[in-house]
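Step one of this worksheet: look at the structure below.
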Amino acid sequence: MVQRARRAVVFTGAGMSTESGIPDFRSPGGFWTRYKPIEFSAFMSSEEARREAWTRFFAIHESLS
653 MVQRARRAVV FTGAGMSTES GIPDFRSPGG FWTRYKPIEF SAFMSSEEAR
703 REAWTRFFAI HESLS
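Residues 653 to 717 in our numbering are what the sequence shown lists, from first letter to last.
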């Protein structure tokens, strides 16, 4: 089945990426220990919170590229 497929997708858990040296979000030193999560209600009601959320998103995206 895989050999005949034009494309394949593999889903893995956080353990796979941390073993590869990609930092996760929850472990000591991870993203959520350095930054408090922005709650949805704050995101929706505050322009400042939205700016911070998008700044974080692009910083994460850039670091994984």
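Glycine is no exception: its CB is placed at the ideal position from the N, C-alpha and C atoms.
Source: prediction; values computed, not measured.
Does the count of Cβ pairs from the region 705-712 and the region 683-695 closer than 8 Å reach three? yes
With a cut-off of 8 Å on the beta carbons, I'd call Gly682 and Pro689 a contact; round off their distance for me. Between Pro689 and Gly682 the Cβ distance is about 12 Å, and since that is not below 8 Å, they are no contact.
Note down the Cα distance separating Ile712 from Gly673, rounded to an integer number of angstroms. 15 Å
From Thr685 to Thr670, what distance separates their C-alpha atoms? 16 Å
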